[in-house]
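All remarks here apply to the structure that follows.
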Amino acid sequence: MTFLSIFATGGFGLNLNLFETNIINLTVVIFGLYKFLPNFLGSMLERRRASILVDLDDAEERLSKATQALADAQKELAAAEQKAVQIRSDCKARAEAIRLESEKRTVEEMARIKQGAVSDLNSEAARVSSDLRREAAKLAIEKALLSLPSKLDSDTQAKFLNQAIKEMGEA
Amino acid sequence: MGSLSFAFPFAELEVGQHLYWEFGNFRLHGQVFMTSWIVIGALLALVVVGTRKMERDPRGVQNLLEFLWDYIRDLARTQIGEKAYRDWMPFIGTLFLFIFVSNWGGALVPWKLIHLPSGELGAPTADINTTVALALLVSLSYFYAGLSRKGLRYFEYYVHPTPIMLPFKIVEDFTKPLSLSFRLFGNILADELVVAVLVFLVPLVLPIPVMFLGLFTSAIQALIFATLAAYYIGEAVEEHH
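Here it is, written out as structure tokens:
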């Protein structure tokens with residue numbers, strides 16, 4: 001107690017009493033833990049680390065595979081796009097050709113139809129004018145026949161006959 | 001708590017002595033604060049050192065921290081459930097690590113090398129004030145967890161599955177923090193006292209197995225406290241159908 005009292009009284013300080021501080025037993029316990037824990041905890045942590053590394057490797061491998069697949073797919077996409085462009089330009093050319101062809105045909109057809117129409121018109125006009133002429137003659141005869149009875153009385157008949165006789169006499 | 005003091009030729013045994021800090025009307029147990037700060041500082045230092053230079057290949061402290069994170073996540077997920085465990089994992093992890101490092105620090109660090117004017121340094125969790133504070137935090141947390149997740153429907157839990165349960169559930173709200181705090185406090189204080197008494201009676205060799213046992217129970221107590229806290233939170237956020 002006399003040894004203790006130097007340190008145990010007063011304020012803060014160090015207590016270096018071997019028994020009171022239990023330092024010997026603590027050293028043994030800490031040494032035991034130091035021997036025991038790294039084996040136990042260390043192996044656990046190492047297992048964890050190894051499994052994580054394996055997972056990471058797996059993930060990396062999958063990533064590289066996926067990258068490869070992506071590149072392949074992109075290449076295919078580019079090829080398909082090129083093909084699409086080619087098909088589209090082919091189509092355009094064909095469409096242009098078909099358009100020109102049909103335009104030419106239309107123009108020819110139109111010319112032909114115009115030609116036909118002109119000749120039709122001419123023959124029709126001829127027919128119509130001959131019809132008109134015939135109709136006019138018919139109308140004139142009818143009109144003459146209609147006015148004839150009124151004009152043809154006995155005087156006129158006599159005059160006509162006299163004239164006819166005179167003419168016959170002169171002849 | 002009254003104080004007892006025994007003196008033998010080899011060692012001295014004190015119970016109920018504290019280094020009081022007067023703070024307004026409060027008389028704080030200074031030695032608990034000191035060890036708490038040391039524990040908090042040690043944990044912060046460990047986390048800062050372990051996460052400062054993180055690599056993809058986990059080595060050393062980073063590996064240890066990730067291992068602890070995995071452990072706490074599994075604990076929280078099994079107790080709280082897949083939906084809500086993310087919100088409460090930091091709380092559970094803090095409880096577990098603080099209690100674990102407090103317990104082991106109390107048992108392994110030769111605190112008695114440092115002599116205080118009154119009382120002695122030890123595990124912060126061997127003081128009832130620390131454990132009560134932690135337990136009350138757990139109570140607040142599970143109320144908050146239940147109310148924030150389910151609103152007033154949280155109180156359906158009190159009449160689930162039958163209204164007969166109401167008084168028991170109300171009593172439970174008081175017994176939960178009580179049992180949490182007393183279990184931890186009792187175990188750690190008892191462990192320290194058993195070692196102290198054994199050192200007092202038989203200074204060498206005999207305390208060693210008891211100290212190892214103390215380390216084991218300390219770890220178990222930290223696990224129990226964290227698991228129960230998570231379980232209470234999980235109970236509060238669980239959906240009844």
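First to last, the sequence lines map onto chains X and E. Under our numbering, think of the first position of the first sequence as 1, with each following residue one higher. Under our numbering, think of the first position of the second sequence as 1, with each following residue one higher. Ideal placement from N, C-alpha and C gives every residue a C-beta, glycine not left out. No experiment lies behind these values; they were computed from the predicted model shown.
What do you reckon, are the CB atoms on residue 188 (chain E) and residue 126 (chain E) nearer than 7 Å? Contact flag set, yes.
Cβ atoms of residue 142 (chain E) and residue 38 (chain E): under 7 Å apart, would you say? Not closer than 7 Å, so no.
Thinking C-beta only, is residue 195 (chain E) closer than 7 Å to residue 209 (chain E)? Result no, Cβ atoms of residue 209 (chain E) and residue 195 (chain E) do not sit closer than 7 Å.
Residue-chain proximity (residue 67 (chain E), chain X), Cβ-Cβ < 7 Å: Taking a beta-carbon distance threshold of 7 Å, residue 67 (chain E) counts as an interface residue toward chain X.
Below 8 Å on the Cβ atoms is my contact criterion, and I expect residue 138 (chain E) with residue 180 (chain E) to pass it. Report the Cβ-Cβ distance as a whole number of Å. The pair is a contact, with the Cβ atoms about 6 Å apart (cut-off 8 Å).
C-alpha distance - residue 192 (chain E) paired with residue 162 (chain E), whole-angstrom precision: Taking the straight line joining both Cα atoms gives about 44 Å.
Take residue 145 (chain E) and list the residues in its own chain whose beta-carbon comes closer than 6 Å to its own, dropping the five residues that flank it on each side. So the list reads 233, 236 and 237, once near-sequence residues are dropped.
Bridge partner(s) assigned by DSSP for residue 114 (chain E): Secondary-structure assignment with DSSP links residue 114 (chain E) through a beta bridge to X:14.
If the cut-off is 7 Å on Cβ atoms, which residues from the stretch 91-104 of chain E count as contacting chain X, listed in chain order? Within the stretch 91-104 of chain E, no residue qualifies.
Count the other CB atoms, across all protein chains shown, that sit within 10 Å of the CB of residue 103 (chain E); report buried if there are 16 or more and exposed otherwise. Label assigned to residue 103 (chain E): buried.
Sort out for me which residues DSSP pairs residue 20 (chain E) with in a bridge. DSSP, once it has assigned bridges, lists E:29 as partnering residue 20 (chain E).
Any idea what DSSP makes of residue 15 (chain E), helix, strand or coil? In this structure, residue 15 (chain E) counts as strand in the three-state DSSP scheme.
On the DSSP letters alone, give me the boundaries of the alpha helix (DSSP H) that residue 120 (chain X) sits inside. Note, residue 120 (chain X): alpha helix (DSSP H), 23-151.
Separation of residue 102 (chain X) from residue 108 (chain X), as counted between CA atoms: Counting only the Cα atoms, residue 102 (chain X) lies some 10 Å from residue 108 (chain X).
If we ignore side chains and look at the alpha-carbon of each, how far apart do residue 93 (chain X) and residue 125 (chain X) end up? Their backbone Cα atoms lie some 48 Å apart in a straight line.
Got a sec: is the Cβ-Cβ distance from residue 224 (chain E) to anything in chain X below 7 Å? So, not an interface residue.
Relative to the alpha-carbon of residue 14 (chain X), which residue among E:73, E:200, E:61 and E:121 has its alpha-carbon at the smallest distance? Of the listed residues, the one whose Cα sits closest to residue 14 (chain X) is E:121.
Would you be able to state if there are at least three C-beta pairs under 8 Å between the stretch 111-121 of chain E and the stretch 14-28 of chain E? Under the Cβ criterion (8 Å, minimum of three pairs), the stretch 14-28 of chain E counts as touching the stretch 111-121 of chain E.
Is any beta-carbon of chain X found at less than 7 Å from that of residue 115 (chain E)? Residue 115 (chain E) counts as touching chain X.
Is any beta-carbon of chain E found at less than 7 Å from that of residue 42 (chain X)? No, its Cβ sits nowhere closer than 7 Å to a Cβ of chain E.
Check residue 202 (chain E) in the structure and name its three-state DSSP category. It is coil, neither helix nor strand.
Where residue 144 (chain E) falls: helix, strand or coil (DSSP): Assigned with DSSP and collapsed to three states, residue 144 (chain E) falls in helix.
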